[in-house]
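A.B. asks: Line order of the protein sequences matches chains A and B. For the first sequence, position 276 (counting from the first letter as 1) is numbered 318 according to this note's numbering, and the numbering increases by one without interruption. For the second sequence, position 152 (counting from the first letter as 1) is numbered 194 according to this note's numbering, and the numbering increases by one without interruption.
2 protein chains.
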Amino acid sequence: MNKRKNVARMKDVAIEAGVSLGTVSKVINGKPVGEEYEKKVNDAIKKLDYHVNSYAQGLKASRTYTVAVILPNTIHPFFGRLANCLNVSLMQRHYRMLLCCTDQNYQLEQEYMDMALQNKVDGIIGLTYNPDLIISDDIPYVTIDRPLGAHIPCVASDNFAGGQLAAEKLHELGCKKLLFMRIGSDLNNEPNKRRAGFENGCIAHGLDYEMKILSDTAGESIDDFIPYLEKHFGKDKADFDGIFCVNDLLACIVVEQLKKLGVKVPEDVQVIGFDGTRNFGYLDYTCSTIVQPVEDIAEMCVELLLQTNMSMKPPLVCLPVKYEEGDTTRPL
Amino acid sequence: MNKRKNVARMKDVAIEAGVSLGTVSKVINGKPVGEEYEKKVNDAIKKLDYHVNSYAQGLKASRTYTVAVILPNTIHPFFGRLANCLNVSLMQRHYRMLLCCTDQNYQLEQEYMDMALQNKVDGIIGLTYNPDLIISDDIPYVTIDRPLGAHIPCVASDNFAGGQLAAEKLHELGCKKLLFMRIGSDLNNEPNKRRAGFENGCIAHGLDYEMKILSDTAGESIDDFIPYLEKHFGKDKADFDGIFCVNDLLACIVVEQLKKLGVKVPEDVQVIGFDGTRNFGYLDYTCSTIVQPVEDIAEMCVELLLQTNMSMKPPLVCLPVKYEEGDTTRPL
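1. On the three-pair Cβ rule with 8 Å, is the stretch 352-368 of chain B touching the stretch 188-206 of chain B?
2. When you check each C-beta in the stretch 107-120 of chain B against every C-beta of chain A, which residues fall closer than 7 Å?
3. Run down chain A in chain order and give the residues with a C-beta less than 8 Å from the C-beta of Cys329 (chain B).
4. What did DSSP end up calling Ala209 (chain B) once you bin it into helix, strand or coil?
5. Three Cβ pairs or more, each shorter than 8 Å: is that satisfied between the stretch 200-210 of chain A and the stretch 84-92 of chain A?
6. Could you check if Pro114 (chain A) is buried or exposed, using at least 16 other CB atoms within 10 Å of its CB as the buried criterion?
7. Nearest chain C C-beta to Ala340 (chain A) closer than 8 Å, yes or no?
8. Can you give me the C-alpha to C-alpha distance between Ile285 (chain A) and Arg51 (chain A), rounded to a whole angstrom?
9. Suppose you measure from the CA of Asp200 (chain A) to the CA of Asp317 (chain A); what does that come to, to the nearest Å?
10. Would Ile186 (chain A) and Leu169 (chain A) be called neighbours here (beta carbons separated by less than 8 Å)?
11. Using a Cβ-Cβ cutoff of 8 Å, what residues of the stretch 304-322 of chain B are near chain A? List them in chain order.
12. According to DSSP, simplified to helix, strand and coil, what is Ile339 (chain A)?
13. Does chain B have any CB closer than 8 Å to the CB of Ser96 (chain A)?
14. Under DSSP, the beta strand (DSSP E) around Asn312 (chain B) begins and ends at which residues?
15. Starting from Glu252 (chain A) and walking both ways along the beta strand (DSSP E), at which residues does that stretch end?
16. Under 7 Å between beta-carbons, which chain A residues line up against Arg135 (chain B)? List them in chain order, please.
17. What separation, rounded to the nearest whole angstrom, lies between the Cα atoms of Met342 (chain B) and Pro74 (chain A)?
18. Could you please give me the residues that DSSP links to Thr116 (chain A) through a beta bridge?
19. Quick check on Cys142 (chain A) - is its C-beta less than 8 Å from some C-beta in chain B?
20. Find the residues of chain A that neighbour Gly216 (chain B), judging by a C-beta separation of less than 8 Å, and give them in chain order.
21. Please compile the residues from chain A whose C-beta is within a distance smaller than 9 Å of the C-beta of Cys294 (chain B).
22. To which residues of the same chain is Lys235 (chain B) closer than 6 Å at the C-beta, ignoring the five residues directly before and after it?
23. Name, going along the chain, the residues of the stretch 265-296 of chain B whose beta-carbon falls closer than 8 Å to a beta-carbon of chain A.
24. Once you ignore the five residues that flank Thr259 (chain B) on each side, which residues in its own chain have a CB closer than 6 Å to its CB?
25. With DSSP run on the structure shown, which of helix, strand or coil describes Ile57 (chain B)?
26. Answer yes or no: does any C-beta atom of chain B fall closer than 8 Å to that of Gly122 (chain A)?
27. Decide yes or no for the touch test of the stretch 320-339 of chain A against the stretch 171-178 of chain A: beta carbon pairs closer than 8 Å, at least 3 of them.
28. Against Val344 (chain B), what residues of chain A qualify as contacts under a CB-to-CB distance less than 8 Å, listed in chain order?
29. Which term fits Ile245 (chain B), buried or exposed, when burial requires 16 or more other beta carbons within 10 angstroms of its beta carbon?
30. Which bits of chain A does Asn161 (chain B) rub up against, with CB to CB less than 8 Å?
31. I'd like to know whether the C-beta of Ala56 (chain B) is nearer than 8 Å to at least one C-beta of chain A.
32. Of the choices A:Arg138, A:Arg237, A:Pro373 and A:Asn231, whose alpha-carbon is the least far from that of Asp164 (chain A)?
33. Would you say Ala125 (chain B) reaches chain A, if we count a Cβ-Cβ gap shorter than 8 Å as a contact?
34. Tell me which residues share the same chain as Ala59 (chain A) and place their Cβ nearer than 6 Å to its Cβ, disregarding the 5 neighbours each side in the sequence.
35. Check whether the Cβ of Val333 (chain B) lies closer than 8 Å to any Cβ atom in chain A.
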């Protein structure tokens, strides 16, 4: 039954090359390692006739009907909803869901990954931050928001289109001078495309725009936006009349700050966020927002994870977003 | 930020002592082993700070180290936080958590209960609504908020004290005519004590009060509060100057309605909710509120579930709440 016996596995490559699993993982995923290591790994891959796709990502014959879900937390509204939707999608298919909250701790992310492997779950769905995460190719894996290599399906909202849509909406709403605000990690992830999409939308409509981008990996915090806002906004003063914030959380904080500076939202300045956060999870949107299709993301993750047809494992799936009006823009 | 510490397990003791698991078990249970072995095991127990009771009994001999958690959802902020805290408490003890979201569906609650049994998890923690839920006594069970019988430990906030505290705070804040508002099920559950505690607090301080209670089991909805509010509040009119709402969700809806009626909160009317909901899970409280000790509830549930000493399984544990100021009361 087990046809995999003679197929080389990632750890065989590591042993053959005399390097760590992490190094093999980096080479396979095109991340930089020393030239010497790269050669060792590539030689071993050739010698063992190792193919990522020959192995990876097919469900094993003996199922546990258990999937591990690795998320930062279930406290932030987006993650709480995502956990819930993944739970529903898995349970509907009679799969059980092991929840692993990492608090974005790199080490815990790796530990839970390893734990999931040891526990012989059928697959893993992860939203992780560790840039050096080692993913075994012994197990099907689907990543949310962060691409981890061409052989691992990544599911995300269409963040680029979302950024573009935000620019278009602010344009339709009559805004002339736009501002994009973002704080986040410098890591390569899908939500970073919100900026590029927004820029694209501004250019397409010939709109003036400025970017204010802070990096939390560089130690900057949301408070560092305050002097910037004080410089550009005040009573009877607004250098920008439309702001797109990278997420609803930032949008709400910015709206609070603007009110403190005597700026009226949405009368003087209109603000759009991203995520589709609702008060208490079910009530009104916390602000005008680009809504992530969380249910669809969850369904797609589960479908891809349980997919047995390997040619049907696309490296990146971007799902459509929509605009919903909250009380931080004027009625269209 | 990472407070997780590793709890020593019996096998850690065995490894540390360089003996078999059986030997450790004998020493722990006071059975004879060679003096030298006994010393090795006791030294290891001391060094690793190993506690039998952090472990389990009442728990089966062959463990799966898996606990099923049955919750309505992870979208409502209270449940999202509860799921997260239970996850942290379980993972710290090297237990895995199977999440089962029921959407308060009675049938799903029973199905997941049965599924958990079939899957031979080591225990179940549930927050359920089905009044006829059948719970096997083959498995340790801890219930949150709803008492299910004297032999099943129930963990909740001290809801009675919370209601009392709300009355006291409104009194301290200068309110003279108080109102309690609640919508919920008629089922017997711990949160229903908020009303009784509030009433008690009003009587103790000689305060005028009125109760407005709707029942969703009887088909009433939050909208049914509107005519009541319209009757008692308006521009320059407020029959009550302090309102205690059964939860933060209702408090926020009531504040919205009052604003629509031209009533100023907190200038004319002060409002206190219950739960301790924060915007986006981490920011300011959504309103002045009685905060539930969610981390402590989770820890207590897990401790009781894994408790080996059966006489230490109290039928009801009520954990202390506290008051936190939001923007729906005047500064004390």
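Ideal Cβ positions, reconstructed from N, Cα and C, are used throughout, including at glycine.
C.D. replies: Once the coordinates are examined:
1. yes
2. Asn115, Thr116, Ile117, His118 and Pro119
3. Residues of chain A whose Cβ lies closer than 8 Å to the Cβ of Cys329 (chain B) do not exist, since the nearest Cβ in that chain is about 11 Å away.
4. helix
5. no
6. buried
7. Protein chains A and B are contained in the structure displayed, whereas chain C is not.
8. 50 Å
9. Our two residues, Asp200 (chain A) and Asp317 (chain A), have alpha carbons roughly 12 Å apart in a direct line.
10. yes
11. Thr319, Asn321 and Phe322
12. In the structure shown, Ile339 (chain A) sits in a helix (DSSP, three-state: H, G or I).
13. Unreliable placement is indicated for Ser96 (chain A), whose pLDDT of 37 sits below 50; no coordinate value is reported for it.
14. The residue you asked about is not Asn; residue 312 (chain B) is Gln in the sequence shown. Here the beta strand (DSSP E) through Gln312 (chain B) covers Gln312 to Asp317.
15. Asp250 to Ser257
16. Result: empty, since nearest Cβ-Cβ is about 13 Å, beyond 7 Å.
17. 47 Å
18. DSSP, once it has assigned bridges, lists no residue as partnering Thr116 (chain A).
19. yes
20. The premise fails here: Gly216 (chain B) is roughly 27 Å from chain A at the closest Cβ pair, so nothing lies under 8 Å.
21. Asn321, Phe322 and Leu325
22. Asn201 and Phe202
23. Asp290, Leu291, Cys294 and Ile295
24. Correct list, in chain order: Ser227 and Asp228.
25. helix
26. yes
27. no
28. Correct list: empty, because the minimum Cβ distance to chain A is about 14 Å.
29. exposed
30. Arg138
31. no
32. Here the closest residue by C-alpha is A:Arg138.
33. yes
34. Lys82, Val83 and Ala86
35. no
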